[in-house]
Structure formats: structure tokens, C-alpha cells
């Protein structure tokens with residue numbers, strides 16, 4: 004594939020000249036890729052500002068273009084529709100969740116792991132450290148994604164794809180803990196997994212940090228949920 008894109012070595016061209024030519028093309032492609040990423044980030048930040056202000060349904064593509072300082076023609080080269088932007092934001096949220104779940108596997112105690120997953124999710128999905136909008140914009144976008152998934156099949160499919168992967172990771176971790184004799188869940192493992200996920204999402208939607216509740220204050224809440232549903236077979240004290 005690379006040979007089809009990079010220039011062929013012309014007759015009489017030295018190996019050094021050919022290497023320089025290929026290096027130039029590679030740098031050019033790399034620069035274009037970085038420029039595209041920068042433009043996409045610019046559009047996404049503008050879109051998130053508009054979605055936080057007006058909601059997914061209320062914000063228009065013209066509003067997003069104005070916020071981004073781009074013409075409609077320029078913006079549509081990166082995102083053909085508002086739905087495509089929403090899908091990208093939904094995928095970003097799910098990737099963040101997957102990264103948090105990956106860190107769960109590093110814990111030797113499943114109750115500690117589930118508790119930390121809950122805390123990390125609230126911190127990541129509720130607090131805005133670098134993106135556009137107010138401090139609770141991440142939580143607002145999270146609610147918008149969940150609401151849009153209920154009425155938009157494309158967004159729902161994006162969410163389901165990533166949620167399915169997360170459920171698989173959580174299920175594998177819980178089944179391993181059960182096989183080791185660490186927990187005795189109150190119900191079938193699949194039901195426990197979706198219930199824990201639903202409770203965690205509900206807490207995120209309540210947006211406690213915006214109400215002055217420190218994220219760390221939720222630690223005993225998540226721990227109690229994990230212990231009541233997973234029923235550890237040994238004392239956690």
C-alpha cells in the first residue's frame with residue numbers, strides 16, 4: 004500500500020535522492036494527518052460548547068459552524084452531519100470508560116476495584132479539566148448522549164457497541180473473582196453487571212460534584228453498592 008502511494012524511484016535517481024523523496028512525502032502525509040486532527044478537535048470543541056448551551060436537539064449545524072469559525076462547506080469535509088459529531092462524542096465517552104475498566108484489572112481486590120471504577124467514572128464524566136464549557140460540562144454531555152441514544156438509532160448503536168465491550172470486561176473480572184471464591188453475587192452475573200452499570204450511570208447523571216459533593220465522598224456509596232451486590236466472602240476490613 005505504501006509503495007502505491009509513495010513515488011517510484013525514477014531512472015537515474017540515486018538511493019539517497021529516493022530516500023529523501025520518500026521522507027518528504029511521509030512528512031507531508033504526517034502533517035496533513037496532524038492538521039486534520041487539529042481541525043476535528045476544533046469542530047468537536049465548538050460542537051460540545053453548542054450542545055452544552057442548547058442540547059443536541061437545539062443546536063444546529065449553522066450554530067456549530069459559527070462557534071468553530073468555519074464555513075459549512077469546510078466543516079462538512081470533516082463531519083457530514085450533526086449525528087456524526089454526536090456519534091464521535093459518544094465514542095469518546097465510551098473509550099474513556101474502557102480505559103478506566105482496564106485499570107480495574109490491576110487491583111487484587113474486586114471490591115476495591117469496583118469502588119475505584121465508580122469514583123473514576125464520576126471524576127472523568129462529571130468534571131471538565133480541559134474541554135470547553137463550564138466545570139460540569141462533561142456531565143451535561145453525558146446526559147445528552149444517553150438521552151439521544153433513546154431516540155436516535157445510530158447513536159444508540161454506537162453506545163451499545165462500546166457498552167457491550169465494557170460489559171464484557173466487567174463480566175470477565177467478576178467471573179474471575181467468583182471463580183477464585185472471592186464473591187457470591189446476589190443474582191446471575193449478567194444481571195449484576197448491567198445493574199452496577201446502571202447505578203453508576205445514575206450517580207453520574209445526578210451530577211453531585213456540581214452540587215458541592217466532593218467525588219471522594221462517594222467512595223463509601225460505591226463500596227456499599229459493590230459489597231451488597233457482590234457479597235464478598237471475606238471481610239474487607
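In the working numbering, the protein residues as written are 4 to 240. Glycine residues also receive a C-beta, built at the ideal position from the N, C-alpha and C atoms.
Considering only C-alpha positions, which residue in the set 235, 140 and 118 is nearest to residue 128?
Locating residue 128 in the chain shown gives position 125, where the first residue counts as 1. Checking every option, the nearest Cα to that of residue 128 belongs to 140.
Taking Cβ to Cβ, would you say residue 233 is nearer than 8 Å to residue 188?
Your numbering for residue 233 matches position 230 in the chain shown. Your numbering for residue 188 matches position 185 in the chain shown. In contact: residue 233 and residue 188 (Cβ atoms closer than 8 Å).
Endpoints, the alpha helix (DSSP H) within which residue 228 is located
In the chain shown, the residue the question calls residue 228 occupies position 225. Start and end: 222-233.
Which listed residue (155, 197, 151 and 175) has its alpha carbon closest to that of residue 166
By 1-based counting over the chain shown, the position of residue 166 is 163. Residue 197 is the option with its Cα nearest to residue 166.
Taking 8 Å as the threshold (C-beta atoms), are residue 144 and residue 208 in contact?
To locate residue 208, count along the chain shown from 1; it is residue 205. To locate residue 144, count along the chain shown from 1; it is residue 141. No; because the gap between Cβ atoms is not below 8 Å, this pair is not in contact.
For residue 186, list the residues DSSP reports as bridge partners.
Within the chain shown, the letter at position 183 stands for residue 186. Answer is 235, bridged to residue 186.
When we look at the beta-carbon of residue 118 and count the other beta-carbons within 10 Å, is it buried (16 or more) or exposed?
Locating residue 118 in the chain shown gives position 115, where the first residue counts as 1. Counting Cβ neighbours within 10 Å, residue 118 comes out buried, since at least 16 surround it.
Kindly give me the distance between the Cβ atoms of residue 186 and residue 235, rounded to whole angstroms, as I take these residues to be in contact under 8 Å.
Position 183 of the chain shown holds residue 186. Position 232 of the chain shown holds residue 235. About 6 Å separates the two Cβ atoms, so the contact holds.
How would you write the range of the alpha helix (DSSP H) that residue 194 sits in, first residue to last?
In the chain shown, counting from the first residue as 1, residue 194 sits at position 191. Unbroken alpha helix (DSSP H) run through residue 194: 192-209.
The segment 161-175 touching the segment 97-107, judged by at least three CB pairs closer than 8 Å
yes
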